[in-house]
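Here the sequence shown is numbered in this note's numbering, starting from 380 and rising by one per residue. Contents: one structure, followed by commentary.
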Amino acid sequence: AWALGDARWCASSSSASSQAPLAEPVGLRRVDDLAAALDRLEADHAELRAQLRVQNSLSRKRNDMLVESLRAAAEERELLQDKLSVLTQDFHVLAAKFHAENVGYRARIQRKGVQGNGGQSRMAYRPDEEYAMKQPTHVCELSHQSLAELAMLGNHCARRERLLREVMCVDGISWGQAHEVLNKLDQFNERYYWIETMPYRLGITSAFIGGIASILLVFWAPAAEWYGREVAGEELPEEVKDINELTVNQVGTWTWSWMEPMIGTASFVLLCAQFVRAQGTKMNMQPYNRQLLEWRASRIAKAFPRYDESMLRAWASHMPECKWTFFPTYERKLRKKGPPSGL
Numbered sequence: 380a381w382a383l384g385d386a387r388w389c390a391s392s393s394s395a396s397s398q399a400p401l402a403e404p405v406g407l408r409r410v411d412d413l414a415a416a417l418d419r420l421e422a423d424h425a426e427l428r429a430q431l432r433v434q435n436s437l438s439r440k441r442n443d444m445l446v447e448s449l450r451a452a453a454e455e456r457e458l459l460q461d462k463l464s465v466l467t468q469d470f471h472v473l474a475a476k477f478h479a480e481n482v483g484y485r486a487r488i489q490r491k492g493v494q495g496n497g498g499q500s501r502m503a504y505r506p507d508e509e510y511a512m513k514q515p516t517h518v519c520e521l522s523h524q525s526l527a528e529l530a531m532l533g534n535h536c537a538r539r540e541r542l543l544r545e546v547m548c549v550d551g552i553s554w555g556q557a558h559e560v561l562n563k564l565d566q567f568n569e570r571y572y573w574i575e576t577m578p579y580r581l582g583i584t585s586a587f588i589g590g591i592a593s594i595l596l597v598f599w600a601p602a603a604e605w606y607g608r609e610v611a612g613e614e615l616p617e618e619v620k621d622i623n624e625l626t627v628n629q630v631g632t633w634t635w636s637w638m639e640p641m642i643g644t645a646s647f648v649l650l651c652a653q654f655v656r657a658q659g660t661k662m663n664m665q666p667y668n669r670q671l672l673e674w675r676a677s678r679i680a681k682a683f684p685r686y687d688e689s690m691l692r693a694w695a696s697h698m699p700e701c702k703w704t705f706f707p708t709y710e711r712k713l714r715k716k717g718p719p720s721g722l
């Protein structure tokens, strides 16, 4: 029995000793798993906290942006309100000026003792001193639209002012300095003036001399006698020994026999020339003066291509004013005042 008990005890002790090392690794693994789980939880927690911090930062930035946008919108709204108030005031001023210029909006003054609202019942408008002080006194005070309309109607002063403003824009100079450039343009434009106007001068001189000569040859006794004897080959009328015996009318009657064909032929030639010009004008043919102005405009437009061609040609298509002495008045001599404009 003792042997059997010892054997059992030995077997149990050996089995217990053999099971103890197996249980220890299992517990260690569980502890490691728990530690790893705790580490993962800690990492997840840290990640969640980092995400929360980022979201909080983004939300703060978003709130700051919204606040800044609201502040900017409020400032812009105040600025727009100020601009709206200024525009409203300008609109009222413009409306008042428009009403002042428009005849239909002026104050109506009823005549005393007149019934009704007809034309005879109201008094004519009388401008006051403040309104009179604002009227323009020079072409430079007109607007672009007024100058353009006058230039299309052929007003040379308006075309001159438009060219001055074109020179100001191209060269970047003032209105006064633009006149110096205009003087150079005028000097270039009038360099062939005497040659261009020579046919006119010859025509005027010939017509003047021909008119005076025709009167003298018909009615002045000394000239009539010399021309009649030396050129026409006529003798004095019968029973007339001296030309001084004839009156002025009798001299005209005597000379008319040979002067009538010449004067009549000259008149008919001028009539035919006038008829040709009239028919050519109906066909829109350019006479000499229009061709001359076109040539002047084309020449200066090619010489100064940096300026607007239409403005330059419109200004150059003009002849300077000429006195009875046949000497012109160039624009460069008129200085800043310019040619008479009617203002």
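Built from N, CA and C at the ideal position, the CB exists for glycine as well.
Return helix, strand or coil for residue i, following the three-state DSSP convention.
i    : result
Q665 : coil
Q489 : strand
E426 : helix
T467 : helix
K702 : coil
R501 : strand
E710 : helix
R478 : Per the sequence presented here, residue 478 reads as His, with Arg not at that position. Helix.
Does the beta-carbon of residue i have 16 or more other beta-carbons within 10 angstroms, so that it is buried, or is it exposed?
i    : result
M664 : exposed
G607 : buried
V546 : buried
V648 : exposed
E455 : exposed
D418 : exposed
I679 : buried
E457 : exposed
D469 : exposed
R539 : buried
A475 : exposed
R439 : exposed
A402 : Note that A402 scores 47 on pLDDT, short of 50, meaning its location in the model is unreliable and no value can be drawn from it.
Contact defined as beta carbons within less than 8 Å: I believe residue i pairs with residue j. What is the distance between those atoms, to the nearest angstrom?
i    : j    : result
V597 : T634 : 5 Å
N562 : R711 : 4 Å
G717 : V518 : 7 Å
H697 : H535 : 5 Å
L691 : F683 : 6 Å
Y572 : P707 : 6 Å
Shortest alpha-carbon distance to residue i belongs to which of the options?
i    : options                : result
Q629 : A600, L722, Q499, L650 : A600
N568 : W694, C701, V433       : W694
E559 : M641, L543, A414       : L543
R570 : C701, R675, A452       : R675
I622 : E639, M638, E613, E604 : E604
D687 : C548, Q494, L437       : C548
Y504 : T516, H523, N481, L521 : N481
I594 : Q499, Y579, S553, E639 : E639
D565 : D411, W637, R714       : R714
V627 : A602, L650, E617, C651 : A602
_Contained alpha helix (DSSP H) runs [length at least 4] in the segment 572 to 659, N- to C-terminal order_ = 572 to 575, 577 to 598, 600 to 606
*Whole beta strand (DSSP E) elements within the segment 503 to 561, 3-residue minimum*: none
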